[in-house]
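Novice: Below is one structure. I have some questions about it.
Numbering (full-length UniProt numbering), first residue to last: 1 to 197.
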């Protein structure tokens, strides 16, 4: 194990815990787990009382029981999932906008797509993601800070937290110091569908 491996694993596990927390899982929810590759999270989803299905990104070997995404459309009916968990896969997709639109298509009204991306991957512009999400029918994007529990913030508040200045409040400085390791290692986005009529 390399010297930085325990710290990297700790950040990854914190990100995964925050992802599950941000998904606001309750028993009975139908959850698409996209990109976890080995379906490891199925045990956690089942323990939460959720009904899980899994999809593998194009070009990957789909484990048994996984849908294989063809890069165009997920083989799931519209409004058939309450949550989508996307593990380090959206921004690596050939067509991230198309995949995002498909997530919106399969989510029920009021559903959430929770996107976990690690630092070192493609750079993510939150404003571009928000605009693309709105075009697909999502009504809100939150970015998550996490320590023990995810704190969902609108993009402007998240940006203000990252902006360092001489006159910042002590609370902001303390929150930034707490969140910095996670901010540098993992990015978590939560996209919300509009609630039904």
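Quick reminder that beta carbons are idealized off the backbone N, C-alpha and C, glycines included.
How big is the Cα-Cα spacing for residue 52 and residue 82?
Specialist: Approximately 10 Å, taken between the alpha carbons.
Novice: In the DSSP assignment, the alpha helix (DSSP H) including residue 204 goes from what residue to what residue?
Specialist: A question about residue 204 goes unanswered here, because the residues of the chain that appear run from 1 up to 197.
Novice: Considering Cα atoms alone, identify which of 141, 58 and 110 is closest to residue 30.
Specialist: With distances taken between Cα atoms, residue 30 lies closest to 110.
Novice: Kindly indicate which residue of 140, 41 and 129 has the alpha-carbon position closest to the one of residue 95.
Specialist: Answer by Cα proximity: 129.
Novice: Just to confirm the assignment, what range does the alpha helix (DSSP H) spanning residue 103 have?
Specialist: Per DSSP, residue 103 belongs to the alpha helix (DSSP H) from 96-106.
Novice: If you follow the alpha helix (DSSP H) that residue 54 is part of, which residue opens it and which one closes it?
Specialist: Looking at the DSSP string, residue 54 is not in any alpha helix (DSSP H); the run it does join, the beta strand (DSSP E), is 51-56.
Novice: Let me check understanding here. Comparing Cα to Cα, which of 80, 23 and 105 lies closest to residue 87?
Specialist: The shortest Cα separation from residue 87 among 80, 23 and 105 belongs to 23.
Novice: Over what stretch of residues does the beta strand (DSSP E) that includes residue 32 continue unbroken?
Specialist: Segment 30-34, the beta strand (DSSP E) holding residue 32.
Novice: For residue 91, which three-state DSSP category applies?
Specialist: Coil, per DSSP.
Novice: Have a look at the DSSP bridge pairing and note the partners of residue 198.
Specialist: The chain is shown from 1 up to 197; residue 198 falls before or after that span and cannot be answered.
Novice: By the DSSP assignment, the alpha helix (DSSP H) with residue 42 in it spans what residues?
Specialist: Element bounds for residue 42: 41-47.
Novice: Among all the DSSP beta bridges, which residues are the ones paired with residue 189?
Specialist: Looking at the DSSP assignment, residue 189 forms a beta bridge with 115 and 143.
Novice: Give me, in chain order, the residues of the same chain whose beta-carbon lies closer than 6 Å to that of residue 137; leave out the 5 immediate sequence neighbours on both sides.
Specialist: 104, listed in sequence order.
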